[in-house]
Each structure stands twice: as C-alpha cells, then as structure tokens.
Amino acid sequence: MQKNRTSAPLLRGVRQGIALFLTAVALWIVYLTADPAVALEKLKQLAQLDQLTAALVNLELPWDTQPSTPLWQQVILGQSSLLAGAAQATPAPVATQAPQPTATPQPEAEEQEETPEEPPAQTTTAPDGIIPSTLKATDSPVYATYDTVSIRNYTDYTLDVKALLEAAPKLTPAQEGPDILIYHSHATEAYTMDGTDMYEESDSYRTLNTEQNMVRVGTEMTKILEAAGLEVIHDTTLYDYPDYNDAYNRSSQAVKETLDKYPSIRLVIDVHRDALVANDGTIYKTVAGTVENCAQVMMVMGTDSPGQTHPNWRVNLSLSASIQKALADKWSTLARPIALRTSRFNQHYSTGCLLVEIGSHGNTLQEAITAGRLFARTIADLFQKQ
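Shown next as structure tokens:
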C-alpha cells in the first residue's frame, strides 16, 4: 500500500504528459489541413471517438481505479472493434449448479396382494411287497376256452365258447337317446395310494373321494365313449355308503328306473375293482403285460342259479365273450378270463348288462385308469363296426 502512495505523483505527471502529447497531435492535424473548416471537422471526429474519450478520462482517474488491462493492450484494442468487444470487462462467471431435470413424480406403486403360494402337493409311494401278476387261463377243467376267449366257470353249467361267440348280440348306437349306462354298485372301492393319488379312507381301501374311487375310473371311461360319439349316462351315486351290504339292492332299483326312462340304452356296465389277497396276507395286483402301467380287466357275468329269474344270462355271456375277443385281438393279456358266477349282479334287467373289474386294490389309480380307457375304447369300436 505504501508503494502506491509514493508513486502516485509521478504517475499523474506521466498521464498529463500523454494528454499534452495528444493535444499536440490535434494541433498538428490542424496545421496540416489547409482548410480551417476541414480541420475543425477532424477535431470534432476525434472528440467523438469513444476510445479517445475513455483514454482521456482514464488518465485523470487514480491509478488503482483504472482497468487492469496493460496500456499497450488498451491502445491495440482501441483500434479493433471486434477485439475491443471481446475484451470488454465481463464479470467472472459464478459457478452455478446446472439445473437438474425435475423428477417426474411417480405414482406410488400399488401394493399388490401377495398370492399365497400353494403348498406342494403331498405324495406317497406304493408300499413294497405288492406282487404284480398277469392272470391267464390254465389247462384246468374250470376254464372253458376257444380261440382267445377263456371263461372261468364257477357254476354247474357246461359252456360252449365257440357257440357263445357265434350268438353274440351286436352293439348298435341308438337313433335317439343315450346308448350306455355306467354305474357303480361299490363306488367307494379304491386303489393303493401312490404319488399324488391319496385319499382319506372311509374303510380299508375305500374312500368317499370321487376323484380317487371307482367314480373316477367311470368318468375316464365315459370320456372315451363320448369322444367316439356315444351318449353315456354316468351314475355317480355311492350305493355302498353307508351300508355296504345292501349296495346291490339300491343300485338294482336305480338301474331299473334308468332303463325304464331311457329304453334306448344298449349297454349297462357296473364298474368295480377286484381284491386279491393270499392266505398269508400278501397283496397282488394285476398287470396287463402288453401295456405299460396298466392293470388287467375282468368281466364278471351272472346266471339264474340257484333258481333266480334271469332268462337271458346266456345272451349277456355271449356279449362278454365277443368283448373279450376284441380286447385280446388288440392286447393279448389285457383281459383276465371271464368269471361266470351264480349271482345275477343286476344283469337280469337287459340283454346288454355286464360287470367289469378294473384292476385290483393292489393296483394304483393310474394303472386302473389306463385299463379302463382301453376297455372303453374297445366298446366304442364294437359300436362303430356294426
């Protein structure tokens, strides 16, 4: 600060000298001009120069208030309007934060209700120790056999299988109305639990769950028959619950009423499953052998012994023989030998009645379903061939 004060008089003298120099220049211009009017005009033009006016004013200002640009640069800049404009004092840019884009407010995400995950389906495995067996006719005299048809005879009647096949009635679709009735005298019969096929037992190997008992098998058979264009009545009543012993009496009445209502019905099938247990408690299951994961089927036919009214039992037996042959022609061991019994099994109401056992309690539901579908497919083929 002290240095600036002591040099101020000297600097002021310098500025005054420059002013005198400029004045001398002006006089010199007047001297060079012959015409005083022209000289006066030149002086006016000099007075109007912004650069000259600014320079003279700056010379009278204190030193520390003058622009920081060196004097020689001020002179050069004064000769160029472009450079002068670029060198005009500009306030130093103030560092400012670049404007940030305003965030568009997003709607609050709706709280979505979490769907509770379904617990994994329970599964089980069929117990070990169940013996698979493909049951066939033997040379025993209790079997009557012709061609691929065998009948296990539990009666005193003599059988001619060839004659039965020749006399077999034809299955013809009805012109109008249902063709087939499927029902279950023992609807609660069930199979060995396996995989996801599990159920609550109402009794040993029995359940009220119609997805796991004989009703399910009947449903699968119905689908096959209907797909072939046949009209089916599937009676899903649990005739064996709660009283198992009186099941046939209850189902018998239902069959009679249905046939009276729908005389167009050509075939009546009572769908059951068998039970195969040895004296030592060993459980057996039937296997088709020629078809993977498939049980065997067995038709059970009634007679009029001892003294029951069943005049057309041979017609029904002939029909079952023709069905057995058709099964054997496709799958040689799918069908067990026909069982001819002394009971009627509600077959006395029509010439197209039969009982079929789909597998046994040692089989799984899936094995039974496979067998039931193949049986139904064969029935459908017999209807279509007529």
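Converting from the sequence shown to our numbering requires adding 43 to each position, the first position being numbered 1. In this text, a Cβ means the ideal position worked out from N, Cα and C, and glycines have one as well.
*Is residue 341 helix, strand or coil when you go by DSSP?*
Residue 341: strand per DSSP, three-state reduction.
*Within this structure, are the beta carbons of residue 382 and residue 343 separated by less than 8 Å?*
Result yes, Cβ atoms of residue 382 and residue 343 sit closer than 8 Å.
_Measuring only the C-alpha atoms, how far is residue 327 from residue 321?_
Rounded to the nearest angstrom, the two C-alpha atoms are 8 Å apart.
*Who pairs with residue 329 in a beta bridge, going by DSSP?*
According to DSSP, which records beta bridges pairwise, residue 329 is partnered with 176.
*Among residues of its own chain, excluding the 5 on either side of residue 188, which ones have a beta-carbon nearer than 7 Å to its beta-carbon?*
If we look at residue 188 and ignore the five residues flanking it on each side, its Cβ neighbours are 180, 204.
*Kindly give me the distance between the Cβ atoms of residue 211 and residue 365, rounded to whole angstroms, as I take these residues to be in contact under 8 Å.*
Sure, about 4 Å apart at Cβ, within 8 Å.
*Give the range of the alpha helix (DSSP H) segment to which residue 359 is assigned.*
First-last of the alpha helix (DSSP H) with residue 359: 356-373.
_residue 426 to residue 269 span [Cα, whole Å]_ = A straight-line Cα-Cα distance of about 12 Å links residue 426 and residue 269.
*Thinking C-alpha only, which one of 339, 393, 368 is nearest residue 406?*
Residue 339 is the option with its Cα nearest to residue 406.
*Stretch-stretch touch, CB-based, cutoff 8 Å, three pairs: the region 232-239 with the region 166-173*: Contact between the region 232-239 and the region 166-173 is established, with three or more Cβ pairs separated by less than 8 Å.
*Whose C-beta lies closer than 6 Å to the C-beta of residue 372 among residues of the same chain, with five residues either side of it excluded?*
Around residue 372: no qualifying Cβ.
*To which residues does DSSP link residue 242 through a beta bridge?*
Bridge partners of residue 242 according to DSSP: none are assigned.
*Where residue 295 falls: helix, strand or coil (DSSP)*: Looking at residue 295 - three-state DSSP - the assignment turns out to be helix.
_Below 8 Å on the Cβ atoms is my contact criterion, and I expect residue 232 with residue 315 to pass it. Report the Cβ-Cβ distance as a whole number of Å._
A Cβ-Cβ distance of about 6 Å is found for the pair residue 232 and residue 315, placing them in contact under the 8 Å criterion.
*Assuming residue 385 contacts residue 186 (C-beta within less than 8 Å), just tell me the rounded distance between them.*
Contact between residue 385 and residue 186 is ruled out by a C-beta separation of about 17 Å, above the 8 Å threshold.
*For residue 355, the nearest candidate out of 367, 325, 389, 323 (CA to CA)*: Of the candidates 367, 325, 389, 323, 389 places its Cα closest to the Cα of residue 355.
*asked:* Quick check: the Cα distance between residue 419 and residue 267, rounded to an integer number of angstroms?
replied: Rounded to whole angstroms, residue 419 to residue 267 spans 6 Å at the Cα level.
*Would you please state the rounded distance, in angstroms, between the beta carbons of residue 223 and residue 312? I believe it to be under 8 Å.*
With 8 Å as the limit, residue 223 and residue 312 qualify as a contact, their Cβ atoms being about 7 Å apart.
*Assign residue 237 to one of three DSSP states: helix, strand, or coil.*
Strand, per DSSP.
*Cα-Cα separation, residue 289 to residue 281*: If you take the alpha carbons of residue 289 and residue 281, they lie about 12 Å apart.
*What are the boundary residues of the alpha helix (DSSP H) that residue 400 is part of?*
First-last for residue 400: 396-403, but that is the beta strand (DSSP E), not the alpha helix (DSSP H).
*Under the three-state reduction of DSSP, which class applies to residue 430: helix, strand or coil?*
The requested residue 430 does not occur in the structure, where the chain is confined to residues 44 to 429.
*Quick one, are the C-beta atoms of residue 273 and residue 216 less than 8 Å apart?*
Yes, they are a contact pair.
*Could you tell me the boundaries of the alpha helix (DSSP H) in which residue 262 lies?*
First-last of the alpha helix (DSSP H) with residue 262: 257-270.
*Starting from the C-beta of residue 411, find all residues in its chain whose C-beta is less than 8 Å away, skip the five residues before and the five after it, and write them out in chain order.*
Cβ neighbours of residue 411 beyond the five flanking positions: 234, 260, 316, 338, 401, 402.
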